[in-house]
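Okay, structure first, notes after.
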Amino acid sequence: MFNLFESIVERIDRLAERSMRRVAQNAGRRSFLAKAGAVMLGGALAPMLPFDRTFGQAAAAVTDGDATSCEYWRYCALDGNLCSACGGTLTQCPPGSSVSKVSWVGTCRNPSDGKDYLVSYNDCCGKAECDTAPFCLKSEGERPGYRMGLHNDINWCMANASKGYHCTVAVLVGLAE
1 MFNLFESIVE
11 RIDRLAERSM
21 RRVAQNAGRR
31 SFLAKAGAVM
41 LGGALAPMLP
51 FDRTFGQAAA
61 AVTDGDATSC
71 EYWRYCALDG
81 NLCSACGGTL
91 TQCPPGSSVS
101 KVSWVGTCRN
111 PSDGKDYLVS
121 YNDCCGKAEC
131 DTAPFCLKSE
141 GERPGYRMGL
151 HNDINWCMAN
161 ASKGYHCTVA
171 VLVGLAE
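Residue numbers 1 to 177, in UniProt numbering, belong to the letters of the sequence shown in order.
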């Protein structure tokens with residue numbers, strides 16, 4: 001029995017030696033180190049790649065209703081002019097303006113699917129106020145002013161270099177839990 005075990009170990013040893021010699025003949029140390037370094041660097045950078053944290057849950061409710069009306073479900077906590085009527089879109093600022101660095105969040109119910117969604121309201125800054133768009137003042141679930149992240153009566157352009165308010169966008173963050 002001991003001879004059988006020795007025989008198996010010898011075969012594995014010869015196979016490993018042959019494999020190593022073949023690799024050594026075809027690749028030098030530098031190419032091995034370069035490949036090993038690339039694998040390690042790639043493994044270290046992989047967690048920094050962007051990925052969808054909502055797993056597609058909020059994407060299903062993106063386009064249902066009139067985004068140019070104050071009655072649109074996403075505007076349940078909006079206080080400002082609609083960017084969708086000022087040359088922008090529901091989620092993007094108009095050209096010439098920049099999104100605020102800070103925002104407030106509301107929880108709005110989508111009547112189509114009956115689910116509650118977190119909506120981030122970002123002011124667009126840097127241009128004169130858009131007076132061609134409807135001004136919406138919706139305060140469902142608004143909190144007192146001392147809870148700044150939940151309050152919509154603040155000039156959220158205060159963190160930007162250009163503090164002039166133009167309009168507001170409503171970006172879905174995900175499902176409310």
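Beta carbons: idealized from backbone N, C-alpha and C, even for Gly.
From a predicted model like this one, the values you see are computed outputs, not experimental measurements.
Spatial distance of residue i from residue j (CA atoms)
i           : j      : result
PRO95       : PRO111 : 31 Å
GLY37       : ARG14  : 29 Å
residue 178 : GLY88  : Here the chain comprises residues numbered 1 to 177, so residue 178 is not present and cannot be evaluated.
VAL105      : ALA67  : 18 Å
GLN25       : PHE5   : 30 Å
VAL171      : ALA85  : 16 Å
LYS138      : SER120 : 14 Å
GLU10       : SER19  : 14 Å
LEU33       : LEU41  : 12 Å
CYS125      : CYS157 : 6 Å
GLU17       : ALA27  : 15 Å
LYS35       : GLN92  : 42 Å
THR132      : CYS83  : 10 Å
VAL39       : VAL23  : 18 Å
ALA161      : GLU71  : 32 Å
ARG30       : ARG21  : 16 Å
residue 179 : LEU90  : What the structure shows of the chain is the stretch from 1 to 177, and residue 179 is not part of that stretch, so it cannot be assessed.
ILE8        : GLU177 : 59 Å
ALA159      : SER69  : 28 Å
Cβ shell of residue i (< 8 Å), same chain only, five flanking positions each side left out
i      : result
GLN57  : Only weak support is given to the placement of GLN57: the predicted model assigns it a pLDDT of 48, under 50, and the value that follows is read from those uncertain coordinates. The residues are GLY174 and LEU175.
CYS108 : TRP73, ARG74, TYR75, CYS76, ALA77, ASP116, TYR117, VAL119 and GLU140
Collapsed DSSP secondary structure at residue i in the structure displayed
i      : result
GLY65  : coil
CYS157 : helix
GLY120 : This sequence places Ser at residue 120; Gly is not what is there. Note: SER120 maps to strand in three-state DSSP.
LEU90  : coil
ALA176 : coil
GLY96  : coil
ASN3   : helix
TYR165 : strand
ALA59  : With a pLDDT of 45 at ALA59, under the threshold of 50, the modelled position of this residue cannot be trusted; read the value that follows with caution. Of the three classes helix, strand and coil, the one that applies to ALA59 here is helix, per DSSP.
GLY37  : helix
CYS70  : coil
ASP113 : coil
ASP131 : coil
Other residues of its chain near residue i: CB distance less than 7 Å, five sequence neighbours each side excluded
i      : result
GLU129 : ASN81, TYR165 and HIS166
SER97  : CYS124, CYS125, GLY126, LYS127 and HIS166
Residue i, buried or exposed, once every other Cβ within 10 Å from all chains shown has been counted against 16
i      : result
VAL99  : buried
ASP113 : exposed
ASN3   : exposed
Sequence-distant residues of the same chain with beta carbon closer than 6 Å to residue i, five excluded per side
i           : result
PHE135      : ASN81
residue 242 : Nothing can be reported for residue 242: it is not among the residues displayed for the chain, which extend from 1 to 177.
LYS163      : CYS157
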